[in-house]
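So for the sequence shown, this note's numbering puts the first residue at 8; every next one is plus one.
From the three backbone atoms N, C-alpha and C, an ideal C-beta is built for every residue, glycine too.
Fair warning: this is a prediction, and the values are worked out from it, not measured in the lab.
Structure record follows, encoded as structure tokens.
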Amino acid sequence: MPIVSAVVAAALGTTLVVTATANAATTLGAAAAQSGRYFGTAVAAQKLGDSTYVNLLNTEFNMVTAENEMKWDATEPNRGQFNYSGGDRILNHALNNGKRVRGHALLWYQQQPRWAQGLSGSDLRQAAINHVTQVATHYKGKIYAWDVVNEAFADGNSGGRRDSNLQRTGNDWIEAAFRAARAADPGAKLCYNDYNTDSINPKSTGIYNMVRDFKARGVPIDCVGMQSHLSNNAPSDYQANLQRFADLGVEVQITELDISGSNQANAYGAVTRACMAVTRCAGITVWGIRDSDSWRGGENPLLFTSSGAKKPAYTSVLNALNAGGPGPTTTTTTTTTTTTTTTTDPVPPGDCTASVSLNQWNGGFVATVKVTAGSSALNGWRVTTTLSGGSVTGSWGANGSGTSGTVNWTNVDYNGSVPAGQSTEFGFQGSGSGSGLNPTCSTR
Ligand code: 9MR
8 MPIVSAVVAA
18 ALGTTLVVTA
28 TANAATTLGA
38 AAAQSGRYFG
48 TAVAAQKLGD
58 STYVNLLNTE
68 FNMVTAENEM
78 KWDATEPNRG
88 QFNYSGGDRI
98 LNHALNNGKR
108 VRGHALLWYQ
118 QQPRWAQGLS
128 GSDLRQAAIN
138 HVTQVATHYK
148 GKIYAWDVVN
158 EAFADGNSGG
168 RRDSNLQRTG
178 NDWIEAAFRA
188 ARAADPGAKL
198 CYNDYNTDSI
208 NPKSTGIYNM
218 VRDFKARGVP
228 IDCVGMQSHL
238 SNNAPSDYQA
248 NLQRFADLGV
258 EVQITELDIS
268 GSNQANAYGA
278 VTRACMAVTR
288 CAGITVWGIR
298 DSDSWRGGEN
308 PLLFTSSGAK
318 KPAYTSVLNA
328 LNAGGPGPTT
338 TTTTTTTTTT
348 TTTTDPVPPG
358 DCTASVSLNQ
368 WNGGFVATVK
378 VTAGSSALNG
388 WRVTTTLSGG
398 SVTGSWGANG
408 SGTSGTVNWT
418 NVDYNGSVPA
428 GQSTEFGFQG
438 SGSGSGLNPT
448 CSTR
């Protein structure tokens, strides 16, 4: 991919225009990271002992969703008794390997524990909100985005809510869940997630209207998850549908992608290109690694064969990710104050620069740091930040040397190599103030 990048060498008082040919990234995660996006997969805890599975997971993906282990039946098998063993296993594997985690899912009409299925009215509402608060608090600071509510809209033409025990507690159950999640973990993006929302249809329009209403009334919502369980094709208005949600001021995330049928490779390419064409499309997650890992038994809807070989669909996705497209801008959460500061240290060409976008609210912050290579590719980088007062509670995409004062951040495996003129990102969240981080970058 030919790249023309302008490097402003402020220290020298000159402007250099450097032309370089960047190497295309060779893994899904690295390719997505070039545009500030992620590429993730659903992970099942019981497969973390399978070496083929773990090798593909560690190499190809930089975002992880627990396929079942963070759902209500798994995390609160008895009322008020929480079990995080499977969820923690997946989360720790992901964080220890420099990957981020999408939390899935706090409230859903399916996979409820038996005790919750037997509740109704205010008792169920209270149990549900307590569940949101407890689970989001347990994972506070470690989750990139939560599917706060999953599959609450009806299929068909009504455009309305699906009947469920949760819905019967009152139409405001969804916003109550989002408010509880924000209070418990202000650093996590909060998503509404559903299926059959892949085109402009009555169901997706119902969700669109809810999101527009939430934005108008200040209900905290940051993203909409499009599951995208597809057969053979992406709908022709797939991109237009993503874009209309993005235009409401929320991110869109493709959260459970799998595609069956003989046109699979083309359809995967089309979905990936659609995401790349929508600036607020933050990333793509496939619902499993190998065909044998899929919930759609016998349909072979994933990117790797059952023995772990790359399929033509894999190549389609990788090429589309490498072709690029501007990525998401910093999102702002519903907070009391939000400031964005950018600091760039002047360094000679061949070295690297770092800048930070800060999302600050009363009592906490999320810092997203962009590392940009100079006129030579980077094979490892270090960013130094200064915390005056605040302390780090969680991070992704880099290893930090500490949690307060001067912190040195070094790249993880998937983002150490940055082609000339291109960027990668890491981030951290913390309590207190994140002002004055003043990041500086050097090579390793
Ligand atoms: O892949 C999941 C499968 O292992 C479970 O048995 C199933 C239970 O309902 O849930 C599957 O994942 C679902 C996801 O959580 C929500 N969207 C639909 C997914 C496929 O059914």
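(request) Taking 7 angstroms as the limit, tell me which residues put their C-beta closer than that to any heavy atom of ligand 1, in chain order. (result) A49, E74, N75, K78, H111, A112, Q117, Q118, N157, E158, Y202, Q234, H236, E263, W294 and W302
(message) Can you check which of these residues, R451, M217 and H100, is closest to N415 by C-alpha distance?
(response) Sequence index remark: in the sequence shown, residue 415 carries index 408 (1-based). For the residues R451, M217 and H100, the minimum Cα distance to N415 belongs to R451.
(request) Might you give, ordered along the chain, the residues of its own chain that have their beta carbon closer than 6 angstroms to the beta carbon of A52, omitting 5 neighbours on each side? (result) Within the sequence shown, the letter at position 45 stands for residue 52. Around A52: E76, G93, R96 and I97.
(request) Report the rounded CA-to-CA distance for D201 versus D220, giving the unit in angstroms. (result) The count along the sequence shown starts at 1 and reaches residue 201 at position 194. The count along the sequence shown starts at 1 and reaches residue 220 at position 213. Computed Cα separation, rounded: 17 angstroms.
(request) Assuming R132 and W79 form a contact by the criterion Cβ under 8 angstroms, report the distance between their Cβ atoms to the nearest whole angstrom. (result) Position 125 of the sequence shown, counted from the start, is the residue given in the question as residue 132. Position 72 of the sequence shown, counted from the start, is the residue given in the question as residue 79. That pair is no contact at about 14 angstroms.
(request) Measure the alpha-carbon distance for Y116 versus N418 and round it to whole angstroms. (result) Against the sequence shown, residue 116 aligns to sequence position 109. Against the sequence shown, residue 418 aligns to sequence position 411. The straight-line gap from Cα to Cα measures roughly 40 angstroms.
(request) With distances taken Cα to Cα, identify the nearest neighbour of V155 among T140, W388 and A161. (result) Here residue 155 is taken as the residue at index 148 of the sequence shown, counted from 1. The candidate whose alpha carbon is nearest that of V155 is T140.
(request) Ignore the nearest five residues each way along the sequence and tell me which others in D352's own chain have a CB closer than 7 angstroms to its CB. (result) The residue you call residue 352 lines up with position 345 of the sequence shown. Per-residue confidence for D352 stands at a pLDDT of 38, beneath the threshold of 50, marking its modelled position as unreliable; the derived number appears in the next sentence. The answer, listed in chain order, is T360, A361, T447 and C448.
(request) Compute the Euclidean distance between the alpha carbons of N172 and T262, then round it to the nearest angstrom. (result) Stepping through the sequence shown from its first residue, residue 172 is reached at position 165. Stepping through the sequence shown from its first residue, residue 262 is reached at position 255. Approximately 25 angstroms, taken between the alpha carbons.
(request) Taking 8 angstroms as the threshold, find out whether the stretch 432-446 comes into contact with the stretch 386-396 through three or more Cβ pairs. (result) yes
(request) Tell me whether D375 sits in a helix, a strand or coil according to DSSP, three-state version. (result) Residue mapping note: residue 375 aligns to position 368 of the sequence shown, counting from 1. What sits at residue 375 in the sequence shown is Thr, not Asp. Correct three-state label for T375: strand.
(request) Leaving aside the five residues before and after G371 along the sequence, list all residues of the same chain whose C-beta is less than 6 angstroms from its C-beta, in chain order. (result) In the sequence shown, counting from the first residue as 1, residue 371 sits at position 364. Within the same chain, G371 has close Cβ partners P193 and S438.
(message) For a quick check, are the C-beta atoms of H111 and T48 less than 9 angstroms apart?
(response) As a first step, residue 111 must be located in the sequence shown, where it is residue number 104. As a first step, residue 48 must be located in the sequence shown, where it is residue number 41. Contact flag unset, no.
(request) Output the boundary residues of the alpha helix (DSSP H) element that contains G434. (result) As a first step, residue 434 is located in the sequence shown; it is residue number 427 there, counting from the start. Per DSSP, G434 belongs to no alpha helix (DSSP H); it is in the beta strand (DSSP E), S430 to S438.
(request) Pick out whichever of S206, G225 and I207 has its Cα sitting closest to the Cα of F185. (result) As a first step, residue 185 must be located in the sequence shown, where it is residue number 178. Nearest C-alpha to F185: G225.
(request) May I have a chain-ordered list of the alpha helix (DSSP H) segments no shorter than 4 residues that lie completely inside the stretch 168-195? (result) 180-191
(message) In the DSSP assignment, the beta strand (DSSP E) including V155 goes from what residue to what residue?
(response) Along the sequence shown, read from residue 1 onward, the residue named residue 155 stands at position 148. Element bounds for V155: A152 to N157.
(request) Out of S301, Y146, N270 and A427, point me to the one whose CA is closest to R189's CA. (result) The residue you call residue 189 lines up with position 182 of the sequence shown. Among S301, Y146, N270 and A427, the Cα nearest to that of R189 is on Y146.
(request) Could you tell me which residues DSSP pairs with Y45 in its beta bridges? (result) Along the sequence shown, read from residue 1 onward, the residue named residue 45 stands at position 38. According to DSSP, Y45 bridges with G290.
(message) Quick check: the Cα distance between N307 and P319, rounded to an integer number of angstroms?
(response) Reading the sequence shown from its first residue, position 300 is the one you call residue 307. Reading the sequence shown from its first residue, position 312 is the one you call residue 319. So the alpha carbons of these two residues sit roughly 12 angstroms apart.
(message) For the alpha helix (DSSP H) containing A281, name the first residue and the last one.
(response) Residue 281 sits at position 274 when you count from the first residue of the sequence shown. First-last of the alpha helix (DSSP H) with A281: Q271 to A284.
(message) Excluding the 5 residues flanking S267 on each side, which residues of the same chain have their C-beta closer than 8 angstroms to its C-beta?
(response) As a position in the sequence shown, residue 267 is number 260, starting the count at 1. Contacts found: L237, S238, N239, R303, E306, N307 and P308.
(message) Can you tell me whether C288 is buried or exposed? The criterion is at least 16 other CB atoms within 10 Å of its CB, across all chains shown.
(response) Start at 1 with the first residue of the sequence shown, and residue 288 comes out as number 281. Buried: at least 16 other Cβ atoms inside 10 Å.
(message) So, at 8 angstroms on beta carbons, what are the nonlocal neighbours of Q436 in its own chain, with the 5 sequence-adjacent residues on each side left out?
(response) Here residue 436 refers to the residue found at position 429 of the sequence shown. Answer for Q436: G148, G194, G371, F372, V373, A374, V399, T400, G401 and S402, listed in chain order.
(message) Can you give me the C-alpha to C-alpha distance between H138 and G381, rounded to a whole angstrom?
(response) Within the sequence shown, numbered from 1, the residue matching residue 138 stands at position 131. Within the sequence shown, numbered from 1, the residue matching residue 381 stands at position 374. Answer to the nearest angstrom: the Cα atoms are 47 angstroms apart.
(request) Measuring alpha carbon to alpha carbon, tell me which of A183, P227, A223 and G232 ends up nearest D205. (result) Taking the first residue of the sequence shown as 1, we reach residue 205 at position 198. D205 has its Cα closest to that of G232, out of A183, P227, A223 and G232.
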